[in-house]
Amino acid sequence: MNFDVSVLVRGVEGIADPEGRTIERALGVLGFPGASAVRVGKIINFSLAADDLASARSEVVEMCDRLLANPVIERYDITINTAPAS
Amino acid sequence: MNFDVSVLVRGVEGIADPEGRTIERALGVLGFPGASAVRVGKIINFSLAADDLASARSEVVEMCDRLLANPVIERYDITINTAPAS
Amino acid sequence: MSITDITELISKDARHVPLGLLDKEYGSIIEVLGRVPTDVELAMYSVMWSEHCSYKSSRIHLRRLPTKADHVLVGPGENAGVIDAGDGVAVALRIESHNHPSFIEPYQGAATGVGGILRDIFTMGARPIALMDPLFVGPLEDAQSRYLLDGIVRGVGGYGNSVGVPTVGGQITFDRCYERNPLVNVFCLGVLPIDRLVLGQASGVGNLCVLLGSRTGRDGIGGVSVLASAGFREDEGGAKRPSVQVGDPYEEKRLIEACLELLDAKLVVGIQDLGGAGLACATSETAARGGVGMDVDVLAVPRREPGMSAVEVMTSESQERMLAIITPSSLDQVLEVCRRWEIEATVIATVTGADESGVGHLRILDGPDGPVLADVPARSLADEAPLYDRPMLEPANLDERRDTGPANALVSSDYSEDLKSMLVDPAWIYRQYDHQLFVNTIFGPGDADATLLRLAGPGISHTRKGLAMSSDANAAWCAVDPRRGTRATVAESALNVSATGATPMALVNCLNFGNPEHPQVMWELSETVDGMAEACSALSIPVVGGNVSLYNESAGRDIDPTPTVAVVGLIDSVVRRPPSIGWIARDRIILLGERSANVGGSRWARDVHGVRTGQIDEVDLAKHKVLCEFVAQLVREEAGAEVAPGLVHGIHTVGDGGLGVALAEMSVASGVGCEIDEIVDHRELFSESVSRAVIATGRADELISRARSMGIAAIAVGVAQGDRMRVSQLVDIGLDELSSRFHDRIERALGEIASH
Amino acid sequence: MSVNIAIIRFPGSNCEFDIEEAIGKLGANAHIVWHQEHDLSGFDGVIIPGGFAHGDYLRCGAIARFSPVMDAVTRLARSGGPVLGICNGFQVLTEAGLLPGALMRNAGLRFVCETVEVEVTSNHSPLTSQVALGTRLRLPVNHGEGNFTCDEATLAEIESGGQVVLRYVDNPNGSLNDIAGISNREGNVVGLMPHPERAFDLVVGSDDGVPLLASFVRFVEEHVASHVAVGRA
Ligand SMILES: Nc1ncnc2c1ncn2[C@@H]1O[C@H](COP(=O)(O)OP(=O)(O)O)[C@@H](O)[C@H]1O
Ligand SMILES: [Mg+2]
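Chains as they are written, first to last, in the numbering used here: chain S, 251 to 336; chain A, 251 to 336; chain C, 632 to 1387; chain Y, 277 to 509.
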């Protein structure tokens, strides 16, 4: 089966986010002072061939732990959907 | 009112995604050959003070057009939720 | 309070234990204060009296290093050493380690290591113009070591490149002793007009302390006491995560510019960076150095997160912050400069006078008139940590370890293959670093034995002088004999600098060692300091600064003693590019220095045969000094004249990998092979006896007779020619293969090019 | 008469002093201008130097284009004034819409600092107007995001319009059609990833950047002369 996987990787709470801060400052200068608490993350989309949803999920968890996220400073959220048959 | 905004910025179709390609290769090497069509995007979360949903949305569209995405290489998707009253 | 009272207090109260303080240290605190410390006081003592901040295990040894010379303006003890380079220009230099953080999170660990050392330099009033990054990781065959190397290199580049300071050199060592404890040392050098020199001192009762830069978050709390001052046990990486800091090079870039502008405008009385131990360190050190007190309003400190306690604020190691001491009348101008550079600036403290007995107190207040959370003699935090003369023990099996017999009995079936396996081009590393910014780089990484820069930079007067620098370390030599190994390391570094025509002027060192509670490690440290002192005295190179990193151990195994040194030298006039490590077809190849067939302590014995024992040759330091001066003179003649005498075409010192690796690198650099007939013994090819250099020349007789007239041994070993490297019956390798094995080593290991 | 060239300094610029020194050696007056300035009258040409204008976390040059000085740069460019962007300056000019296309992360995802060979492929720019077509130059590159890209229509247009002024001989970053530098259609605005100011003296290894920057200064001088002539007529 084919699955559409989306992994959202974000900094853990309390870790500084220089990119978010810079964007926040720039938005303020551009006339959007209402924006605050800007945080930037990364989203990784891919399709995955796997036997079933459970094995897809466990494979993606392993991918995250080993490659996609750095557990020391990042956390991740996984979304998996069954890909529409094409 | 306060809104939780999430802007997803991705490369437009047809533009190379070197980061996605590299991750795909690395996943293959690590023993996950089932992953394909890897694309990487950026997600920008922030809270926004605005009068109502419509004005929040139009403000975020403007932010995207002016700063958050480069239309030559990127497209964006906006999600806005009402922030839980605290 | 009586001793028994204190003992009783300690036994009831275990607050100090999780902070890494010993019972007797807690007792000393109670004795200093005459009472039980508050939480804020205790937290400040725990970070300031940590190994990392107080050098409590190493201080009594470091005193033996020679630190004086006429040109030394600032020696050890300040944020950086400073030397006079003439013409109103001074040079500030320092080296630091960021070992433990780089193991936990290689990118951010290395990045914040760069950030920290930069602040040590610009806090002296110098503009940072050069970084070097000696790195030590496990073998490339080990997957975790490859991951660490990749992250560390990205981190150094990610920070250095965008902060706008070029990384102009460094070193890379692969050895299994670093497998679970990589070392990231970072050297920085800055230049300044002498009259901008400023010290990290508070003075002037009523003066204000302004905190500049990033907001304070919960990053790196207890980093110095919990992280840098204890080893890693098996699988402990995770538990120490809260100490990870994230660097922001853009904030640092603006901080550099703002601080230099404040100093140029004479708006600052004293300034100090915030590094390990954060505000506790910056406030107590500046007050102690100036013999004054300080009232800190901890509520005034801008925070990144809600709900932070005073303890957290005082000990946070959030990056990119500085503390400036200014007169109240200059506040508006200071704020204006900071506003221009988009730097947050907040008055957080005032300078107070000493008490009737001459002691300046650091007081932490919760709000301008709020309750006093801490009141301690500033000096007791900064200067009065307990000093330990820890037990030392010479290892029992020294004779066996130093026996050169086993190494010298080794033979291989294919010396060509041995040599190829020993070649590593660090270009994969330095290609990821901006190494040309400021257009000063005459010899960048990979070009010569040392980096050579124009002595120039924004804001200082232009000269024709050159500034040479080399960072060196060889733990394998030191593991067998730390004293002799360190002498050889200093000698090698001085010769590298001399090979670009410069005279060595100053040295900084980073002593990376294992657990100081192991008596053998303390013996190694002590021997190393003695070796460094002997070499620096004999070669007239003052030690102007250093850093000690202890507890480099993993799962109970200490790393090999790794003293890193960086020598900086000056050359009066560079009007042409001096000769580098290439040669020209038909050059004669001359070896300067004594021949040796001892492969004890060599990389060949260690990496090819797994034999880690055997002494290296002793360096005759008096003779070595003559060699350094001779080599520098030869190169200066080529660099300083509009028309070069053309005696020296190429030069390369012999070090790690011996003559074989030196000749291979010269062949690859020039694209011309060589025919070496004088070397017939494989041991001579791989011996790492220092105090030797290879010179390529078209006028061999002249060169040899000049050398011999100085009492320096010199022989012709072969000629540069053809497209193969040939050494008697030992080695025969085509240049193409030699080049690809050299250039591709790291990429291949990382899978960035397919392996054969 | 020596011309006045503004070198724009953002808080994160870092090559401004290097280009100032190079332009000074060519006999023009180089002035460093803070990004908060609104007015560039009195300047005959503009250079945006390398660096990391505003930290460049979001996209290189994305925030820089909103600095007040960029309105003045845009006015000068639209009125035919010579504008040069080097490295980060090139990124700023594409973000500001003064040059077509965009610069993405290098194909290898690694920062590259090395000396590469480029070939002059068009004279239709201030940087190359005085340099023979086909000239090969050795110039340092130093960037993490130098991978030029654009859509097919734009590519066809810049190729046919002679707007590709420099091409890599051996592509270090994956850029489309080996593009190292481009000009606008009018030929007065030019951007390139390599650093000509870093190749300005044989002591540091190469002086191949001299003809390019000398060409730029000459172009500025001619632009001034033609305006003076127009003004008189
Ligand atoms: N980590 C590094 N960062 C930057 N440059 C490096 C690094 N490692 C090595 N280099 C550079 O590569 C060149 C060769 O290094 P090395 O093999 O240690 O030289 P040598 O053995 O001749 O002293 C030197 O110019 C050095 O500065
Ligand atoms: Mg070396």
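Virtual Cβ for every residue (Gly too), placed ideally from N, Cα, C. The model shown is predicted, which means the values in this text are computed figures rather than measured ones.
Asked	Found
Pull up the DSSP beta-bridge partners for Ala285/A, would you.	Leu298/S
Mind pulling the chain A residues with CB within less than 8 Å of Gly284/S?	Leu298, Ala299, Ala300 and Glu309
Mind checking if Ala333/S is an interface residue toward chain D, Cβ cutoff 8 Å exclusive?	Protein chains S, A, C and Y are contained in the structure displayed, whereas chain D is not.
If you measure between the beta carbons of Ile308/Y and His471/Y, is that distance less than 8 Å?	no
From this set, Ser1168/C, Ser1171/C and Glu1184/C, which residue's C-alpha is nearest Glu1148/C's C-alpha?	Glu1184/C
Distance check for Val1358/C and Ile1346/C, CA to CA, integer angstroms please.	15 Å
So what does DSSP say about Phe492/Y, is it helix, strand or coil?	helix
For the segment 963-980 of chain C, which residues have a CB atom closer than 7 Å to at least one CB atom of chain S, in sequence order?	none
Report the neighbours of Phe1069/C on chain Y: residues whose CB is nearer than 8 Å to its CB, in chain order.	Phe293 and Asp294
Give me whichever residues DSSP pairs with Trp310/Y in a beta bridge.	Arg285/Y
Using beta-carbon positions only, say whether Ser297/A and Phe253/A come within less than 8 Å of one another.	yes
What does DSSP give as the partner residues of Cys389/Y in its beta bridges?	Asn418/Y
Run through chain S and tell me which residues come within less than 7 Å of Gly848/C, C-beta to C-beta.	Gly264 and Ala266
Just list the alpha helix (DSSP H) runs in the segment 1087-1163 of chain C, keeping only unbroken ones of 4 residues or longer that don't cross its boundaries, in chain order.	1106-1111 and 1113-1129
On the CB-based measure, 16 or more other CB atoms within 10 Å of its CB, does Gly281/S come out buried or exposed?	exposed
Is Glu274/A close to chain Y, meaning its C-beta is less than 8 Å from at least one C-beta of that chain?	no
Phe767/C bridges to which residues according to DSSP?	Thr804/C and Leu814/C
Step through the CB atoms of chain Y and report whether any lies within less than 8 Å of the CB of Ile323/A.	yes
Near Asp1287/C, what residues of its chain come up, given a Cβ to Cβ distance below 7 Å and the 5 sequence neighbours on each side ignored?	Asn1105, Arg1234 and Glu1319
Helix, strand or coil for Val923/C per DSSP?	coil
Comparing the C-beta of Asp1065/C with each C-beta of chain Y, is any distance below 8 Å?	yes
For a contact defined as C-beta to C-beta under 8 Å, what are the partners of Asp879/C on chain S?	Ala266, Pro268 and Arg271
Could you tell me the alpha carbon to alpha carbon distance between Gly321/Y and Leu488/Y, rounded to whole angstroms?	15 Å
Please list the partners that Gln832/C has in chain S, where partner means a Cβ-to-Cβ separation under 9 Å.	The premise fails here: Gln832/C is roughly 30 Å from chain S at the closest Cβ pair, so nothing lies under 9 Å.
Would you decide whether Thr754/C is buried or exposed? Buried here means 16 or more other CB atoms lie within 10 Å of its CB.	buried
So, does the CB of Leu318/S fall closer than 8 Å to a CB anywhere in chain C?	no
In this structure, how does DSSP classify Cys890/C when only helix, strand and coil are distinguished?	helix
Can you give me, in chain order, the residues of the segment 1192-1219 of chain C that have a beta carbon less than 8 Å from any beta carbon in chain Y?	Val1205, Val1206, Arg1207 and Arg1208
In chain order, which continuous runs of the beta strand (DSSP E) of length 3 or greater are located wholly inside the segment 414-492 of chain Y?	423-425, 440-444, 455-459 and 465-468
If you draw a straight line from the C-alpha of Glu498/Y to the C-alpha of Ile299/Y, how long is it?	16 Å
Here's the rule I'm using: 16 or more other beta-carbon atoms within 10 Å means buried, otherwise exposed. How should Thr329/S be labelled?	exposed
With DSSP as the reference, label Lys687/C as helix, strand or coil.	coil
Beta carbons nearer than 8 Å to chain S: which residues of the segment 927-943 of chain C have them?	Arg935 and Glu936
By the three-class DSSP mapping on this structure, what secondary structure does Glu497/Y have?	helix
What are the start and end residues of each continuous beta strand (DSSP E) run of 3 or more residues lying completely inside the segment 1337-1373 of chain C, in chain order?	1345-1351, 1355-1358 and 1362-1365
Any C-beta of chain A sitting closer than 8 Å to the C-beta of Gly349/S?	No information on residue 349/S is available, as it lies outside the stretch 251 to 336 that chain S covers here.
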